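Asker: Let me give you the structure first, and then I'll get to my questions.
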């Protein structure tokens, strides 16, 4: 959304315009849901996203900033909700399962390259990365945040974020059959 | 605050890669076309209706416009009903305690608890006279003068239909309030002791019906016309 258009829409939403709020929601919710999908999986992502918006709405009227700042703000809240969920999960009895998280096999990747990538498939490939790499790559790509913003959100140093981004992208390129020497 | 070191050439390359992937014009055209396509797919815009949009709108309405959602209204209604029920139950309990109408143990508990709050509540034996803990044996009282016959004790009439009639001359066999205490002979009934340990010899309604018959209006109650 253009900067001026977002500022106007946000102001209208903060004044009580439901249609404007819908525009803001539709512009920002996909990044929230996708980030939570990589962190927590499909099942929990939508519920955590709903909790994120409910929490954000408490101070929504007082928010000041552009679309990028608001996305970073929402992703920060989303991460806090996910951390809460993980803590709650650890207090519950462990649910044992005999299935492992799906990681795409190389054959699947080749087939998908020919078909074309869908968002869900792309997220599932990113989710197969080690968790820290997956989170950082998602925040940089889906959240469109720069290194300092990702560092602040995750509590890591900027150098750590850079290293994790590089390793994550290199691993993805290798998985996709790219020449990793160029990275 | 996180200190940000100067980006290296490799960082700049990664930034370019990500920017290229996110730009529709350049996505998939670089050296790492598949990776760019993957990143582009992950970040693809989606401005259509979103899952959870209705719930978010309901929360938005509640927070910003002050109009609670249907679910929130139901929750509040339930809370109000529960609160009202609790208040009514507590008020009823306190009123019953204040009038000494609770069963013995409950009355004792109420006296202790409300007494701590500074509310005077009669104890369970408040109306039991001088024999609060003794089971009544009305037969023992045969031939003894009733306390109500003593000139120093004034006995209140037990029924408003006989405001001038001394209660001791019309012993009320029913529940007059003072005759409930486990068989102790009531002051008004001692001249005609009941043979059944304080239980009334006749149902109280008999005496009441008599009093209605004796009423100048013949037992009919006249309501003033409005």
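Chains as they are written, first to last, in the numbering used here: chain V, 23 to 205; chain Z, 15 to 240. Just so it is clear, CB atoms sit at the ideal spot from N, CA and C, and this is done for glycine as well. Just so you know, these numbers come straight off a predicted model, no measurement behind them.
If you measure between the beta carbons of residue 118/Z and residue 138/Z, is that distance less than 8 Å?
Answerer: Contact flag set, yes.
Asker: Comparing the C-beta of residue 95/V with each C-beta of chain Z, is any distance below 8 Å?
Answerer: Closer than 8 Å: no.
Asker: The segment 35 to 53 of chain V: which residues have C-beta closer than 9 Å to a C-beta of chain Z, in chain order?
Answerer: 35, 36, 37, 38, 40, 43, 44, 45, 47, 48, 49, 51, 52, 53
Asker: Thinking C-beta only, is residue 103/V closer than 8 Å to residue 140/V?
Answerer: In this structure, residue 140/V keeps its C-beta atom at 8 Å or more from the C-beta atom of residue 103/V.
Asker: For residue 28/V, which residues of its own chain have a beta-carbon under 7 Å away from its beta-carbon, when the five flanking residues on both sides are left out?
Answerer: 88, 89
Asker: Answer with yes or no whether the minimum CB distance from residue 188/V to chain Z is below 8 Å.
Answerer: yes
Asker: Sorted by chain position, which residues of the same chain lie with C-beta nearer than 8 Å to residue 23/V's C-beta, five sequence neighbours on each side aside?
Answerer: 31, 45, 49, 89, listed in sequence order.
Asker: Would you tell me roughly how many angstroms separate the C-alpha atoms of residue 101/Z and residue 95/Z, rounded to the nearest one?
Answerer: 10 Å
Asker: Where in the segment 66 to 133 of chain Z do unbroken runs of the alpha helix (DSSP H), each at least 4 residues long, occur, reported from the N-terminal end onward?
Answerer: Within the segment 66 to 133 of chain Z, the complete alpha helix (DSSP H) runs of at least 4 residues are 67 to 74, 84 to 112, 118 to 130.
Asker: In this structure, how does DSSP classify residue 80/V when only helix, strand and coil are distinguished?
Answerer: coil
Asker: Between 194/V, 138/V, 80/V, 33/V, which lies nearest to residue 155/V when the distance is taken from Cα to Cα?
Answerer: 194/V
Asker: Among 56/V, 34/V, 39/V, which has the Cα closest to the Cα of residue 148/V?
Answerer: 56/V
Asker: Select from the segment 56 to 72 of chain Z all residues with a C-beta closer than 9 Å to any C-beta belonging to chain V, and list them in chain order.
Answerer: 56, 57, 58, 59, 60, 61, 62, 63, 64, 65, 66, 67, 69, 70, 71
Asker: Report the neighbours of residue 90/V on chain Z: residues whose CB is nearer than 7 Å to its CB, in chain order.
Answerer: Those do not exist, as residue 90/V stays about 13 Å from chain Z at its closest Cβ, beyond 7 Å.
Asker: Compute the Euclidean distance between the alpha carbons of residue 59/V and residue 164/V, then round it to the nearest angstrom.
Answerer: 11 Å
Asker: Given that a residue counts as buried once 16 or more other Cβ atoms are within 10 Å of its Cβ, and exposed if not, what is residue 209/Z?
Answerer: With a pLDDT of 48 at residue 209/Z, under the threshold of 50, the modelled position of this residue cannot be trusted, and the question is left open.
Asker: Can you grab the Cα-Cα spacing for the pair residue 197/V / residue 110/V, in whole Å?
Answerer: Their backbone Cα atoms lie some 34 Å apart in a straight line.
Asker: With 8 Å as the threshold, decide whether the Cβ of residue 194/V is near any Cβ in chain Z.
Answerer: yes
Asker: With DSSP collapsed to three states, give me the class of residue 45/Z.
Answerer: Three-state DSSP puts residue 45/Z in coil, outside helix and strand.
Asker: Just the Cα atoms here: how many angstroms apart are residue 105/Z and residue 61/V?
Answerer: 53 Å
Asker: With DSSP collapsed to three states, give me the class of residue 139/V.
Answerer: coil
Asker: Applying the 10 Å Cβ sphere with the 16-neighbour rule, what's the burial state of residue 84/V?
Answerer: exposed
Asker: Going by CA-CA distance only, name the one from 70/V, 138/V, 43/V that's closest to residue 55/Z.
Answerer: 138/V
Asker: Say yes only if the C-beta of residue 130/Z is nearer than 7 Å to one or more non-hydrogen atoms of the ligand MG, and no if none qualify.
Answerer: You won't find the ligand MG in this model; it holds no ligand whatsoever.
Asker: What residues in its chain sit with their C-beta under 6 Å from that of residue 43/V, if we drop five residues either side in the sequence?
Answerer: 35
Asker: Taking only three categories from DSSP, how would you classify residue 195/V?
Answerer: helix
Asker: Should residue 185/V and residue 172/V be called a contact, given that it needs their Cβ atoms to be closer than 8 Å?
Answerer: no
Asker: Select from 86/V, 133/V, 66/V the residue whose C-alpha is nearest the C-alpha of residue 101/V.
Answerer: Nearest Cα to residue 101/V within the set 86/V, 133/V, 66/V: 66/V.
Asker: Residue 5/Z touches chain V at which residues, Cβ-Cβ below 9 Å?
Answerer: An answer regarding residue 5/Z cannot be provided, because it is not within the stretch 15 to 240 covered by chain Z.
Asker: Measure the alpha-carbon distance for residue 201/V versus residue 142/V and round it to whole angstroms.
Answerer: 24 Å
Asker: Just to make sure I have the definition right: I need the residues of chain V whose C-beta is within less than 8 Å of the C-beta of residue 48/Z. Which are they?
Answerer: 135, 195, 198, 199, 200
Asker: Quick one: measure Cβ to Cβ for residue 188/V and residue 24/Z, integer angstroms, because I've assumed they're closer than 8 Å.
Answerer: The beta carbons of residue 188/V and residue 24/Z sit about 6 Å from each other, so the pair counts as a contact at 8 Å.
Asker: Please list, in chain order, the residues of the segment 140 to 158 of chain V that have any C-beta partner in chain Z closer than 8 Å.
Answerer: 140, 141, 143, 144, 145, 147, 148: these are the residues of the segment 140 to 158 of chain V whose beta carbon lies less than 8 Å from some beta carbon of chain Z, given in chain order.
Asker: So which residues on chain Z does residue 75/V lean against when the C-beta distance must stay under 9 Å?
Answerer: 66, 69, 70, 73, 74
Asker: I'd like the span of the alpha helix (DSSP H) that includes residue 60/Z, first residue to last.
Answerer: From DSSP, residue 60/Z is part of no alpha helix (DSSP H); its letter is neither H nor E.
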